[in-house]
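Participant:
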Amino acid sequence: MLCVSVPPKNLNFRMSIPNDFRKDWDFLNKRSKIEGMTPAELIRDLIEEYLEEFQEEAAKAEQELDEVAGPLRDKVSRKVTVKKRPKPKKKSFVAKKAIITKKKEEPEDAESMSIQDTPKFRLLELVRSLDSEEGIAQDKLIIEAGKERIPNPRLQLNKMIRRGILHVHLNRIHVT
42 MLCVSVPPKN
52 LNFRMSIPND
62 FRKDWDFLNK
72 RSKIEGMTPA
82 ELIRDLIEEY
92 LEEFQEEAAK
102 AEQELDEVAG
112 PLRDKVSRKV
122 TVKKRPKPKK
132 KSFVAKKAII
142 TKKKEEPEDA
152 ESMSIQDTPK
162 FRLLELVRSL
172 DSEEGIAQDK
182 LIIEAGKERI
192 PNPRLQLNKM
202 IRRGILHVHL
212 NRIHVT
């Protein structure tokens with residue numbers, strides 16, 4: 042096997058030639074000396090010539106193919122557009138149906154109820170009646186409100202404390 046060093050620009054390139062092609066390589070080296078070029082330049086020229094011939098052959102084959110299959114290729118395919126379904130519009134909260142439930146009709150006594158008959162005022166009157174200077178214990182007030190049948194005494198108590206009608210001092214409830 043013959044080893045040949047072909048120094049490219051900045052690289053040391055070493056190429057090994059198989060024994061079967063040694064005669065061909067020697068012929069290529071002689072030919073390149075006659076031509077006055079390096080073996081690499083000669084190989085590049087040979088490849089360019091081959092590709093030019095190949096391009097000519099490819100152009101001829103393309104012409105023959107155009108003659109045979111030209112009418113089939115000339116048909117312009119129609120573009121098919123697929124329309125997407127539009128997204129359904131979101132309904133606003135106004136468009137939604139509201140469910141209205143009617144409360145059971147109460148007897149006519151409920152209509153004649155005054156503001157003093159509301160749970161808040163009944164609890165306030167209870168606190169005023171039970172309040173001494175020391176205040177009332179919360180548990181005792183809730184028990185008494187239960188006896189008076191005041192609905193949700195804790196809720197009413199918290200409302201009145203929040204609004205400042207009652208206040209808590211040393212765990213005792215006082216009227217302000």
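Read in order, the letters of the sequence shown correspond to residues 42 to 217 in this note's numbering. Glycine included, C-beta positions come from ideal geometry on N, C-alpha and C. Since this is a predicted model, take the numbers as computed values, not measurements.
(1) Which of the three DSSP states is assigned to residue 207 in this structure?
(2) Under a three-way DSSP split, which group does residue 58 fall into?
(3) For residue 140 and residue 193, what's the separation of their Cα atoms in angstroms?
(4) Give the secondary structure of residue 169 by DSSP, where H, G and I count as helix, E and B as strand, and everything else as coil.
(5) Hey, quick one: how far does the alpha helix (DSSP H) through residue 183 stretch, first residue to last?
(6) Is residue 177 buried or exposed, if buried means 16 or more other CB atoms sit within 10 Å of its CB?
(7) Indicate the three-state DSSP secondary structure (helix, strand or coil) for residue 163 in the structure shown.
(8) In this structure, how does DSSP classify residue 109 when only helix, strand and coil are distinguished?
Facilitator: Looking at the coordinates:
(1) strand
(2) strand
(3) 27 Å
(4) helix
(5) 179 to 188
(6) buried
(7) helix
(8) helix
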